[in-house]
Amino acid sequence: MIWQFYSAEGDFLLKYWRSAGLRTEGILQADDVATPVVSNVFDGSGELIAGVASVQAVENFITPSWIYRFRHHITNAPLVMLDANLPPESLKAACITAYESEVPVLFEPVSVVKSRRIAPVAEYITCTSPNEIELVAMANSLSPSVKYNFHKIEQFKEKSDAVEYLFEMLSPAMFFLLEKGIKLLIVTLGSNGVFICCKEHTNFMKDQRKCKQTRFSRQLLEKMDGCFLLNNRVNLCGESSSRTCVFHLPAISASVISLTGAGDCLVGGVLSALCAGFDIIQSVAIGVAIAKASVESEANIPDDISAASIADDAQCVLHSAKVVWCK
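Per full-length UniProt numbering, residue 1 is the first one in the sequence shown, and the count goes up by one each step.
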């Protein structure tokens, strides 16, 4: 669900949205309300170090009653993505609507503070996509007794050492969230790639009939046919095992122009691939590839994405992916 509010910026974005041929019935416009904006500060290497967001309009206007207007869209979707900018009561309304129709829900934490909004709705969440600090904050919001910690790593000479350190630091929080009922964790690690944590028998997309192919996804499927992780050593679709598995997918070397939008592109790529029928590992690899295209573009979202280049990069990710844990 998308929202936009009346303003010069809102008008510009609405026109752009329409020019892309996207549906607009879920976009709310209201008088005398500022379009939500965020201002970020980046360091010399392009990493985010501070940000100020003005999203009060979302808190005030995206109410449960507004969400219920789109009940039909939610219940017939292959999956639903909700971000933590939504106020708690609206998050719960959307979660329950999806849950009652067995539609998987992906929770996007947005920030450390807002990531804690998962606590009242965790039982309805299928998947979440935090970074390291958001992961720990979510685990702590659901754990009254045990507290989880994360200490930012120093530079390692070898990527493998960094990945090993990150797994040791983050695995307690990841395993705890799985115990709380979340089926899939996609933990972004910046330049160190992504962890995928789930039970071996996880079947994320229950109703494949809702998955729809686009021209772009058909091209990806054709180019990535037969490209699987580690010769299918781990069966994510099986029903005979409940082993907990953690996979590491590396980031791809890129000529960085701007890191703004990379995280959103990664999540958007994962969602798009899942809705097209790709499996979990392939979908995250595609998300990583689209994030690379984002950082190599001046625009937050690249204007032109080549299916061939995304497929090539996704295959590179899959060929370098590793099973970190499966017990």
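All residues carry an ideal CB built from backbone N, CA and C; glycine is no exception.
This structure is a prediction, so every number in the text was calculated from the model and none was measured.
- DSSP links Gly51 through a beta bridge to Asn40.
- For the 9 angstroms CB-CB criterion, Leu86 and Arg117 form a contact.
- If you draw a straight line from the Cα of Ser143 to the Cα of Ser90, it is about 23 angstroms long.
- Nearest neighbour of Ile133 by Cα position, chosen from Ile286, Ser19, Lys292 and Pro109, turns out to be Pro109.
- In this structure, the beta-carbon distance from Ile196 to Ile280 falls below 9 angstroms.
- Leaving aside the five residues that flank Thr75 on each side, the residues in its chain whose CB is nearer than 6 angstroms to its CB run, in chain order, Ser101.
- One thing to note: Leu221 has its Cβ within 9 angstroms of the Cβ of Ala276.
- Shown here, Cys211 sits in coil according to DSSP, grouped into three states, outside any helix or strand.
- Taking a C-beta distance under 9 angstroms as the contact criterion, Val37 and Ser129 do not qualify as a contact pair.
- Secondary structure of Asn76 (DSSP, three-state): coil.
- For Thr35, the three-state secondary structure derived from DSSP is coil.
- Taking 3 residues as the minimum length, the beta strand (DSSP E) runs contained wholly in the region 139–214 are 184–188 and 194–199, in order along the chain.
- For Lys92, the secondary structure class from DSSP, reduced to helix, strand or coil, is helix.
- Shown here for Lys322: same chain residues with a beta carbon closer than 6 angstroms to its own, the five before and five after excluded, namely His248 in chain order.
- The region 309–321 and the region 248–262 touch, with three or more beta-carbon pairs separated by less than 8 angstroms.
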